[in-house]
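Visitor: Residue numbers (this note's numbering): 285 to 458.
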Amino acid sequence: MLHKNIEIKKNKIGGIGIFATDLIRKDEIVWQLSSNDKIFSKKEALSLPDEERCLVFQKNKKYVLCTDNGQYMNHSCNPNLWFLNDVTLVAKWDINAGEEITYDYSTTEIDPVYAEEWECLCGSKNCRGGISPVDCLDKDFQELHKGYLPSYTVEFINKNQQGVSKNEIHPKSS
C-alpha cells in the first residue's frame, strides 16, 4: 500500500521515481507491505528477468516485488523515509509536494549473494558513494538509523562485526 499523495515522475538522474503530490507529515505511513505484493524465495528472485529483479527488495529471507508504484521508490543516503517496523515505511520529516520519496537501500539489502555493491547517484551531501550489503555495519549508519531498522537487519548487525568504519566499506568515497 502506497500513500495516496504519490505520483511517478522522471527524477533528476534520468530514471523514474515516486514523488509527493501534496504534503506528507512526519511519521505518516508512506508505504506498507500489501497482500497484493509478490513474495519470492531467493532462488525465484534471482531467476527473475533483470527489469523485474532490479525492482525487488529484500525482506528477511524473502524478496518482495511491490505491485503498486512503490516499486519505483529510489535510494538516498539521506532518505525521507525509514522503517517503523519490518513492513512499514514512515516519513522521517514533513515531505513537501514535489519531493522524491526515498529510503536507504542499505537498510534492507543485506544479502551479499543477492544485493551487489553499486555506485550511489543520490547526490545528498552525506552520500556514501556506493550502496553495499554491509553498509549497515558502519557505526555511523547504525546511529543514524537507530530504532528505525527492520528486525532482520538488526539481527544481521548483531551477528556480524560491528563498528566497521565507512572508510573500510567505501574507501573511494572518503
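All C-beta atoms in this analysis are idealised placements derived from N, C-alpha and C, irrespective of residue type, glycine included.
It should be emphasised that the depicted structure is a prediction, and the values quoted were computed from it without experimental measurement.
Go ahead and pull the three-state DSSP assignment for L365.
Guide: Residue mapping note: residue 365 aligns to position 81 of the sequence shown, counting from 1. Strand at L365.
Visitor: Between I415 and Y387, how many whole angstroms is the CB-CB distance? I'm expecting something under 8 Å.
Guide: One-based indexing of the sequence shown puts residue 415 at position 131. One-based indexing of the sequence shown puts residue 387 at position 103. I415 to Y387, Cβ: 12 Å. No contact.
Visitor: For the beta strand (DSSP E) that Q316 lies in, which residues bound it at each end?
Guide: For the purposes of this step, residue 316 is taken as residue 32 along the sequence shown, with counting starting at 1. Its beta strand (DSSP E) spans residues 313-316.
Visitor: Could you tell me whether the Cβ atoms of V418 and A375 are closer together than 7 Å?
Guide: The residue you call residue 418 lines up with position 134 of the sequence shown. The residue you call residue 375 lines up with position 91 of the sequence shown. No, Cβ-Cβ distance for V418 and A375 is not below 7 Å.
Visitor: Do you know how far the Cα of N353 is from the Cα of N320?
Guide: Counting from 1 along the sequence shown, the entry for residue 320 is found at position 36. Counting from 1 along the sequence shown, the entry for residue 353 is found at position 69. Those two C-alpha atoms are separated by around 12 Å.
Visitor: Under a three-way DSSP split, which group does H287 fall into?
Guide: Working through the sequence shown from its first residue, we reach residue 287 at position 3. DSSP places H287 in coil when its eight states are reduced to three.
Visitor: Just to confirm, is the Cβ distance from I302 to M357 under 7 Å?
Guide: Residue 302 sits at position 18 when you count from the first residue of the sequence shown. Residue 357 sits at position 73 when you count from the first residue of the sequence shown. The answer is yes: Cβ separation under 7 Å.
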